[in-house]
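What follows is one structure encoded as structure tokens, with my remarks underneath.
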Amino acid sequence: MSRSLGALDVRRVTLADPLVTPMLDELLFEYTTRYGPGAVDEMTRYPADAFEPPHGTLLLLLEEGVPVAGGAFKRYDARTAEAKRIWTAAAHRRRGLARRVMAELEREAASYGYRRMYLTTGPRQPEARDLYLATGYTALFDVANPPTVGPLPFEKDLG
Numbered sequence: 006m007s008r009s010l011g012a013l014d015v016r017r018v019t020l021a022d023p024l025v026t027p028m029l030d031e032l033l034f035e036y037t038t039r040y041g042p043g044a045v046d047e048m049t050r051y052p053a054d055a056f057e058p059p060h061g062t063l064l065l066l067l068e069e070g071v072p073v074a075g076g077a078f079k080r081y082d083a084r085t086a087e088a089k090r091i092w093t094a095a096a097h098r099r100r101g102l103a104r105r106v107m108a109e110l111e112r113e114a115a116s117y118g119y120r121r122m123y124l125t126t127g128p129r130q131p132e133a134r135d136l137y138l139a140t141g142y143t144a145l146f147d148v149a150n151p152p153t154v155g156p157l158p159f160e161k162d163l164g
């Protein structure tokens, strides 16, 4: 399923879709660069169907058929979705695409009946921390403290 978002197409996909490969490859590179080889475990922690209906989704923003950003959510509990794998292609950063991904994920999660979005990021991802704060997420940690350990949890009411 896909829909248009301005010049971008929003497409729901599965992890097996070849369009997802650039996202997964770039995320693995980013995570490994920042956190070391344990990042591989994080990327394979959840079964693929966790990011598929009826409990989750994986979406990509496509520009002229090319993935430029994406993200997913999965069931955290009966009323909460957990956002995962938020990504913007390195060549397309600073365009507000991550904000669009988050808005799409929140809209979709609410349509599934979720009332809250939960997510975590690591202490070596200050741009992600700033994104979540700027898009209305509440930090479940003291933002005045330097983020030296993780994960850093956030939540947002979708109600």
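Last residue of the sequence shown: number 164 in my numbering, and the count goes up by one each step with no gaps.
Glycine is no exception: its CB is placed at the ideal position from the N, C-alpha and C atoms.
As the structure is a computational prediction, the values presented were derived from the model and not from experiment.
For D162, name the three-state secondary structure that DSSP assigns. As a position in the sequence shown, residue 162 is number 157, starting the count at 1. It is a strand residue.
Report the start-end ranges of each beta strand (DSSP E) in the stretch 99-150 that is 3 residues or longer and not cut off at the edges. 121-126
Y81, DSSP secondary structure in three states: By one-based count along the sequence shown, residue 81 stands at place 76. In the structure shown, Y81 sits in a strand (DSSP, three-state: E or B).
Taking the continuous alpha helix (DSSP H) assigned at L29, which residues delimit it? Working through the sequence shown from its first residue, we reach residue 29 at position 24. Element bounds for L29: T26 to Y40.
Select from E160, A133, P128 and Y142 the residue whose C-alpha is nearest the C-alpha of T153. Against the sequence shown, residue 153 aligns to sequence position 148. Selected option, being the one with the closest Cα: P128.
I'd like the span of the beta strand (DSSP E) that includes E68, first residue to last. Taking the sequence shown and counting its residues from 1, the one referred to as residue 68 is at position 63. Per DSSP, E68 belongs to the beta strand (DSSP E) from T62 to E68.
Reducing DSSP to helix, strand and coil, say where V45 ends up. One-based indexing of the sequence shown puts residue 45 at position 40. Three-state DSSP puts V45 in a helix.
Nearest neighbour of D162, chosen from M122, V106 and R134 [CA to CA]: The residue labelled residue 162 in the question sits at position 157 within the sequence shown. The residue with the shortest Cα to Cα distance from D162 is M122.
Pick out whichever of E113, T93 and E69 has its Cα sitting closest to the Cα of T85. On the sequence shown, position 80 is the one that residue 85 refers to. Nearest option by C-alpha distance: E113.
Between which two residues does the beta strand (DSSP E) containing R50 stretch? Taking the first residue of the sequence shown as 1, we reach residue 50 at position 45. Run containing R50: none; DSSP gives neither H nor E here.
With 16 as the cutoff for other CB atoms within 10 Å, does R134 come out buried or exposed? Position 129 of the sequence shown, counting from 1, holds the residue named residue 134. The residue in question, R134, is buried, as its Cβ has 16 or more Cβ neighbours within 10 Å.
Does the count of Cβ pairs from the stretch 29-43 and the stretch 85-96 closer than 8 Å reach three? yes
Quick one: what's got a C-beta closer than 7 Å to V103's C-beta in the same chain, skipping five residues either side? As a working mapping, residue 103 is identified with position 98 in the sequence shown. Note on identity: in this sequence residue 103 is Ala, with Val being the wrong assignment. Cβ within range, chain order: A74, I91, T93 and L136.
Answer with buried or exposed for P72, where buried requires no fewer than 16 other C-beta atoms within 10 angstroms of its C-beta. As a position in the sequence shown, residue 72 is number 67, starting the count at 1. It counts as buried.
Measure the C-alpha to C-alpha separation of T26 and L110 and round it to an integer number of angstroms. As a position in the sequence shown, residue 26 is number 21, starting the count at 1. As a position in the sequence shown, residue 110 is number 105, starting the count at 1. Whole-angstrom Cα-Cα distance: 19 Å.
Sequence-distant residues of the same chain with beta carbon closer than 8 Å to K79, five excluded per side: Position 74 of the sequence shown holds residue 79. Result list for K79: Y51, A55, F56, H60, G61, A86, E87 and K89, in chain order.
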